[in-house]
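A.B. asks: Going by my numbering, the first residue of the sequence shown is number 16, and it counts up by one from there.
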Amino acid sequence: MLHIQTCERWPLLSPVSLSARNRPPSPAALASNLNKTSKLLKLQNFFSQQLPTFRPHPTFNFFGREPRASKRARNLTGEPFLQNPPNHLQQINMSQNDSAAWPVADAALTQNILDLVQQASHYRQLKKGANEATKTLNRGVAEVVILAADTAPLAILLHIPLLCEDKNVAYIYVPSKMALGRACGVSRAVIAASITTNEASDLMGQIRALKDKVERLMI
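#1: Is it the case that the Cβ atoms of residue 157 and residue 166 are separated by a distance below 8 Å?
#2: Return the chain-ordered list of same chain residues with a C-beta closer than 6 Å to the C-beta of residue 209, the five sequence neighbours on each side being excluded.
#3: If contact is defined by three or more beta carbon pairs under 8 Å, each pair taking one atom from either stretch, is the stretch 120–134 in contact with the stretch 168–186?
#4: Taking only the alpha-carbon atoms, compute the straight-line gap between residue 111 and residue 189 and give it to the nearest angstrom.
#5: Where does the unbroken alpha helix (DSSP H) through residue 136 begin, and where does it stop?
#6: If we count the other Cβ atoms within 10 Å of its Cβ and call it buried at 16 or more, is residue 207 buried or exposed?
#7: What first and last residue would you give for the beta strand (DSSP E) that runs through residue 189?
#8: What would DSSP say about residue 11, mapped onto helix, strand or coil?
#9: Taking only the alpha-carbon atoms, compute the straight-line gap between residue 174 and residue 234 and give it to the nearest angstrom.
#10: Just the C-alpha distance for residue 218 and residue 199, rounded to the nearest angstrom, thanks.
#11: Determine the burial state of residue 192: buried for a count of at least 16 other Cβ atoms within 10 Å of its Cβ, exposed for fewer.
#12: Could you please give the first and the last residue of the uninterrupted beta strand (DSSP E) stretch that includes residue 159?
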């Protein structure tokens with residue numbers, strides 16, 4: 016006869032105990048489960064009303080770090096730059112540019128300057144850009160330097176007038192950088208251009224006449 020030994024920790028399950036597992040829960044167990052569920056629902060409602068919902072700041076992502084574009088749009092004080100500044104701020108900026116950009120050509124002189132720039136481009140006597148204009152001044156081959164008064168920020172051009180006065184070269188501001196770019200033969204804005212010297216060129220008479228007009232403006 017086969018003897019089956021059992022221990023207290025792992026008793027042998029009888030058919031009665033196995034069938035007890037398949038019984039439906041008693042009313043007391045159902046009531047206990049309902050009570051627990053109602054308590055959980057009450058706690059959930061309480062915390063949803065008391066605790067504020069998490070809404071991340073629009074300039075921050077979910078990791079708590081500020082995006083690069085937002086960082087670039089902030090100044091040293093931590094305030095975001097105005098993408099569209101008010102009219103009074105624009106007027107202040109324009110007035111500062113107007114005070115620093117001098118002398119500025121009038122409409123008639125601007126047209127003469129742009130015509131001469133276009134001809135100099137055809138004669139290959141034109142250098143476009145602030146860096147190229149600075150190079151012509153350092154090399155001593157610049158006759159006239161034309162600058163754009165609506166350059167933003169204007170500080171990137173303010174070294175050129177000082178260099179022109181050092182080298183005794185005439186310089187003049189025109190109102191529009193886009194118009195200067197079209198006169199230079201390009202589709203983009205040009206903030207500075209330099210007409211170079213060439214004694215054998217047919218433009219030397221017009222260049223001297225322009226230099227005389229610019230010198231009269233600076234008196």
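Note that CB positions come from ideal geometry on N, CA and C, so glycine has one too.
C.D. replies: Once the coordinates are examined:
#1: no
#2: 142, 148, 151, 157 and 160
#3: no
#4: Confidence at residue 111 is low in this model, with a pLDDT of 49, below 50, so its placement is unreliable and no value can be given for it.
#5: 122–137
#6: buried
#7: 185–189
#8: Nothing can be reported for residue 11, as the shown portion of the chain is limited to 16 through 234.
#9: 21 Å
#10: 16 Å
#11: buried
#12: Note, residue 159: beta strand (DSSP E), 157–163.
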